[in-house]
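Note sheet for the following structure.
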Amino acid sequence: MDLKKLASALIPDDDLISADKYEEIYPRRSLAKGAEVTRLAPSPTGFIHLGNLFSALADERTAHTTGGIFYLRIEDTDEKRKVDGAVESVIRSLKYFGIKFDEGAEIQSDLNFYGPYYQRRRAKIYRTFAKKLIEEGRAYPCFCTEEELDAVRAEQNSLKLVTGYYGKYAKCRNLSEEQIYSNLRQGKPFVIRLKSMGDVNNKSVFHDAIKGDITVTENDQDVVILKSDGIPTYHFAHAIDDHFMRTTLVIRGEEWLSSLPIHIELFKALGFEAPRYAHTSSLMKIDGETKRKLSKRKDPELSLDYYRSAGYYPEAVVRYLLTILNSNFEEWEMKNPSADWRDFKFRIDKMSRSGTLFDLDKLSDISRTLVSQLSAEECFAFLKSWVDEFGTPSDKLHFKDEAYIIRILNLIMGVGGKKRRKDIERAEQGVRLMDYFFDDTFKPQYSYRFDAETVNAVLEKFAKLYDCSDDNSVWFSKVKTVAAEVGFCPETSEYKKNPEAWRGSVSDAAEILRIAVTGSPNSPDLCTIMNILGKERSLSRLASARV
RNA sequence: GGCCCUGUGGUCAAGCGGUUAAGACGGAGCCCUCUCAAGGCUCAAUCCCGGGUUCGAUUCCCGGCAGGGUCACCA
């Protein structure tokens with residue numbers, strides 16, 4: 002068979018340049034020894050998953066701790082999955098978490114020498130190499146219909162055989178010249194398949210940068226490399242792109258491990274040197290009794306936008322992910338509490354090999370700790386940016402009074418005190434925490450543990466004594482006075498020795514006041530709260546809290 | 001089902017033949033204390049199972065088992 006003629010019939014494009022030229026167009030990158038070129042290659046579905054961030058972080062850290070390049074490539078070969086604005090969304094989301102690309106799709110950079118970075122715009126390159134493979138007898142047209150393929154699969158299933166297009170099931174592999182041209186003349190749609198030379202009985206050891214030595218079985222599947230619309234499949238695009246974009250380390254999820262044999266064969270058939278691979282273990286989630294990989298479909302709450310809208314401190318998400326990525330990060334963090342996370346020496350080979358269950362508690366703890374370390378001004382800026390995007394109209398109004406919010410934050414966070422409070426774990430929750438400082442959002446539900454007479458007595462007596470300029474000790478001694486007047490024990494320690502002897506203690510008196518002022522039996526220092534509210538509002542709250 | 005990956009407390013995990021088997025989150029308790037938060041102290045809780053190899057296995061080998069992933073003209 003005249004393969005050259007076949008290739009031209011199958012891929013008639015007359016504007017293709019020679020395959021060798023591409024080696025010159027996309028030369029090897031001149032980077033220092035050990036520098037890694039990594040990439041994030043999402044499909045533009047518009048859904049930014051935590052897994053994307055996880056992977057991006059590994060890519061970005063690997064590139065930037067080795068003096069390499071981290072780029073963005075868009076795998077838009079599947080038309081059906083395309084969503085408008087998805088690329089900008091990826092970039093914006095990652096930027097929010099402090100991750101930036103050096104080059105790639107929609108990236109402002111003078112390094113964009115390896116584009117186009119959208120696979121749909123690289124059709125010519127793929128077609129050039131598909132044509133080359135046909136000429137070399139390493140690829141062939143397949144005219145099988147979806148129905149035929151389904152039937153074969155069903156047969157293989159019933160016979161308990163491995164499914165797929167291989168061996169005797171690769172019907173179009175040995176089509177005669179006449180059959181091919183006849184099909185072509187009839188205008189039958191076709192795909193281009195790789196003519197696999199592999200044998201599943203051959204196994205070899207492959208070194209993965211994370212998993213270590215793994216066993217790979219040779220591929221024997223005649224996989225599709227060019228779909229009937231002339232667009233490549235992931236496998237083919239991956240081989241071409243990562244070669245010509247000069248990726249040195251492909252970091253991707255372990256779900257790709259099973260197609261590694263295909264990729265190895267593809268690189269070999271194309272005469273390319275394969276990059277190194279690092280297959281990351283998946284982020285898991287508890288689903289009923291068992292854990293499973295986080296899924297874009299089933300777990301929309303793990304969208305990156307979820308963390309933004311819930312107001313997690315972005316660096317907390319990054320630091321949490323870093324603790325999963327390299328478990329020695331936590332240890333390093335304790336030794337270098339004020340260091341930038343970017344100073345941590347990330348190591349791809351230190352990554353965990355088993356799937357990690359996503360732990361929201363841990364994330365919250367990290368977020369709380371980080372927020373507690375902010376100054377009141379920094380915290381204000383953080384909350385404000387959340388309020389601007391997600392807050393209620395009254396939140397927005399409240400945040401116009403920066404000085405007032407900062408006073409509150411100083412209290413809530415314990416700025417200046419010996420002990421930092423850790424009340425705020427997320428912007429959303431932090432903003433709600435401040436609701437009682439504003440009359441329009443102060444919606445108390447008074448529920449006292451004492452009878453009306455006692456409650457009213459405490460409220461009235463304290464109102465008479467209260468002075469806004471009282472410092473904490475004066476304020477508290479007044480609470481004690483009131484407590485004693487209603488028959489409560491003014492000293493907690495004494496009360497604890499013999500609780501039966503009293504109706505209550507000074508704590509109970511304080512609780513009544515606290516409920517009156519904040520609507521809740523729990524709050525930060527009540528004296529300071531009343532001071533922030535001012536005399537007038539404090540007294541009016543004491544008055545309206547009577548039963 | 002075939003192939004591949006993984007298996008240390010509830011979770012994340014150190015560990016590379018001999019350890020009282022780190023640490024963190026979470027849980028329990030105590031202290032502090034006007035409540036809460038924080039902080040301090042303390043406690044409970046782990047090597048999937050069975051065979052080897054070895055003086056000695058959580059660590060090495062083999063076999064099970066369990067969990068996960070994947071078997072598309074999706075990535």
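Per this note's numbering, the very first residue in the first sequence carries number 2; after that it's consecutive.
Think of the CB as a built atom: it goes at the ideal place given N, C-alpha and C, for glycine as much as any other residue.
Predicted model only: the values in this text are computed from it and were never measured.
Query	Result
Inter-residue Cα distance where the pair is residue 146 and residue 138	22 Å
Sub-9 Å separation of residue 509 and residue 450 beta-carbons	yes
Sub-9 Å separation of residue 353 and residue 322 beta-carbons	no
Residue 541 (DSSP reduced to helix, strand or coil)	helix
Contact between the region 308-324 and the region 238-254 (3+ Cβ pairs under 8 Å)	no
Assigned secondary structure, residue 137 (DSSP; H/G/I helix, E/B strand, else coil)	coil
Opposing strand residues paired with residue 104 [DSSP bridges]	72
Beta carbon of residue 373 nearer than 9 Å to that of residue 433	no
Buried versus exposed, by CB contacts within 10 Å (16 or more), residue 335	exposed
Distance CB(residue 300)-CB(residue 94) smaller than 9 Å	no
Contact test: residue 267 Cβ vs the ligand SAH heavy atom, cutoff 8 Å	As presented, the structure is devoid of all ligands, the ligand SAH included, so that no description of it is given.
Spatial distance of residue 32 from residue 69 (CA atoms)	7 Å
Residue closest to residue 514, alpha-carbon to alpha-carbon, out of 471, 396, 461 and 234	461
Local Cβ density within 10 Å of residue 474, reported as buried at 16 or more and exposed below that	exposed
Residues near residue 51 in its chain [Cβ-Cβ closer than 6 Å; skip 5 each side]	303
C-alpha gap between residue 115 and residue 41, whole angstroms	14 Å
Start and end residues, alpha helix (DSSP H) containing residue 168	Here residue 168 belongs to no alpha helix (DSSP H), and DSSP marks it neither H nor E.
Distance between residue 74 and residue 21 (C-alpha atoms, nearest Å)	23 Å
Spatially closest choice to residue 169 from 196, 19, 437 and 122, by CA coordinates	196
Local conformation of residue 214 per DSSP, three classes	strand
Residue range of the alpha helix (DSSP H) that includes residue 40	First-last for residue 40: 38-41, but that is the beta strand (DSSP E), not the alpha helix (DSSP H).
Sequence-distant residues of the same chain with beta carbon closer than 6 Å to residue 259, five excluded per side	none
Sequence-distant residues of the same chain with beta carbon closer than 7 Å to residue 188, five excluded per side	none
Cross-strand partners of residue 207 (DSSP beta bridge)	215
Per DSSP, cross-strand counterpart(s) of residue 250	277
8 Å contact criterion, which residue 217 and residue 262 should meet: CB distance rounded	5 Å
Cutoff 8 Å; reference residue 29; Cβ partners in own chain excluding five residues on either side	247
Among 53, 341, 481 and 121, nearest to residue 230 - alpha-carbon criterion	121
Whether residue 238 touches residue 78 by CB criterion (9 Å)	yes
The beta strand (DSSP E) enclosing residue 194, as first and last residue numbers	192-195
Identity of the residues DSSP links to residue 225 by a beta bridge	194
Spatial distance of residue 464 from residue 435 (CA atoms)	23 Å
Inter-stretch contact at 8 Å, needing at least 3 Cβ pairs: the region 386-397 / the region 348-367	no
Inter-residue spacing [alpha-carbon to alpha-carbon] between residue 545 and residue 476	21 Å
Residue burial classification, residue 222 (beta-carbon count within 10 angstroms, cutoff 16)	buried
Start and end residues, alpha helix (DSSP H) containing residue 333	329-336
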